[in-house]
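J.:
Numbering (this note's numbering), first residue to last: 21 to 349.
Encoded structure:
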């Protein structure tokens, strides 16, 4: 009996030790710094009215520094941008030093499948993003350039299953990153993710805007990926819509080639085109060596009217050769 009791006691102590050790082995909070630096050469001083990569000759992109803290239940992201690309990305920030703030938010994990985020975060709409390292093509599409870029507000991200997700958010006016402009109305955002395909909605605001967007893609083999983006925007005075395909083929561990075929229509004199149509073809090579990417690119834009300008005056087409270098850390 004593031997049995002693065995039970030893087993209990061992079990308690394992339990205590498991508790002590919970992941510790982590602080990290990451980001990118990019610079490029453009062969022409004339460029379409899309965002980024439009400067002539040897030019600067941006330095992007992202600080993040990931705790057991909560954390933050502070994302700063410096340079021409960064200035264009945060054009809605106008107070103090905030033109360098790309994202600034705090999140709280209510559970493994439910996260609340409060602050300024990049948009959930569209295929392309502000960071050049995350895009295959260096120059950006018309759909991306017409926005939105960022939102400030409160959002909830909900994982309904391994393959289905839902995001709901209450947001300031689009790209009003610092605070809500006086007399403006709030906007509502939603995203439904289904097996890696995303349907996005942004609606409301003073202009009664509604934008519906689809972003997705499919692997057509071990080396071939096809991305897709389609969007439609309407408000009280303007509207635009577009569609793009992004075929990408990986030839080796260090080299891939990809293209963007985009068709875009605008009505209402919002941005680059005015009332008209545009087709754009972009061909990009991507060579990777360690943390550096080297991207040669050819871009051709063709419009339904003379919306562009070159050395001879107004024109309906433009072409350029771009070489970009991007370093990630």
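C-beta atoms are modelled at their ideal positions from N, C-alpha and C, and glycine is treated no differently.
(1) Which residues in the same chain have their Cβ closer than 8 angstroms to the Cβ of residue 306, if we skip the five residues on either side of it in sequence?
(2) Any beta-carbon of chain B closer than 8 angstroms to the one on residue 74?
(3) Could you please give the first and the last residue of the uninterrupted alpha helix (DSSP H) stretch that includes residue 165?
(4) Let's see if you can read the secondary structure: which residues bound the beta strand (DSSP E) around residue 54?
(5) Does residue 41 pass the burial test, meaning 16 or more other C-beta atoms within 10 Å, or should it be called exposed?
(6) With a cut-off of 8 angstroms, do at least 3 Cβ pairs link the stretch 237-255 to the stretch 124-137?
(7) Go ahead and label residue 76 buried or exposed: buried means 16 or more other beta carbons lie within 10 angstroms of its beta carbon, across all protein chains shown.
(8) Which residues mark the beginning and the end of the alpha helix (DSSP H) in which residue 108 is found?
(9) Can residue 150 and residue 109 be called in contact, C-beta distance under 8 angstroms?
(10) When you compare only the Cα positions, how much space is there between residue 140 and residue 333?
(11) Does the Cβ-Cβ distance between residue 176 and residue 188 come in under 8 angstroms?
(12) Rounded to whole angstroms, what is the Cα-Cα separation between residue 164 and residue 147?
(13) Is residue 145 closer than 8 angstroms to residue 168 when the C-beta atoms are compared?
(14) Indicate whether residue 264 and residue 297 have their beta-carbon atoms separated by less than 8 angstroms.
(15) For residue 231, does the count of other Cβ atoms within 10 angstroms reach 16, so buried, or fall short, so exposed?
(16) Just verifying my parser: in three-state terms, what is the DSSP assignment at residue 67?
(17) Give the straight-line distance between the Cα atoms of residue 64 and residue 331, rounded to the nearest whole angstrom.
(18) Identify, in the order they occur along the chain, each residue of the same chain with its Cβ nearer than 6 angstroms to the Cβ of residue 339, setting aside the five sequence neighbours on each side.
(19) In the structure shown, what three-state DSSP assignment does residue 47 receive?
(20) Under 8 angstroms, do residue 138 and residue 174 count as touching if we go by C-beta distance?
(21) Between the alpha carbons of residue 194 and residue 81, how many angstroms are there, rounded?
(22) Going by the DSSP bridge assignment, what does residue 326 pair with across the sheet?
(23) How far does the beta strand (DSSP E) with residue 176 in it reach, from first residue to last?
(24) Taking 7 angstroms as the limit between beta carbons, can you name the residues of its chain near residue 159, skipping five residues before and five after?
(25) Should residue 268 be labelled buried (16 or more other beta-carbon atoms within 10 Å of its own) or exposed?
(26) Can residue 55 and residue 85 be called in contact, C-beta distance under 8 angstroms?
(27) Here's the rule I'm using: 16 or more other beta-carbon atoms within 10 Å means buried, otherwise exposed. How should residue 225 be labelled?
T.: The relevant details are as follows:
(1) 156, 275, 276, 277, 278, 313, 314 and 315
(2) Although the question refers to chain B, the structure presented lacks it and comprises just one protein chain.
(3) 162-165
(4) Residue 54: member of the beta strand (DSSP E) spanning 50-62, first to last residue.
(5) For residue 41, the predicted model reports a pLDDT of 43, less than 50, meaning its position is unreliable; a value from the coordinates is still stated below. Exposed, because fewer than 16 other Cβ atoms sit within 10 Å of the Cβ of residue 41.
(6) Segments in contact, no.
(7) exposed
(8) 104-109
(9) yes
(10) 41 angstroms
(11) yes
(12) 8 angstroms
(13) yes
(14) no
(15) buried
(16) coil
(17) 10 angstroms
(18) 320
(19) coil
(20) yes
(21) Just so you know, the alpha carbons of residue 194 and residue 81 end up roughly 23 angstroms apart.
(22) Note: residue 326 sits in no beta bridge, so no partner.
(23) Note, residue 176: beta strand (DSSP E), 170-179.
(24) 70, 72, 73, 302, 317, 319 and 342
(25) buried
(26) Contact: yes.
(27) buried
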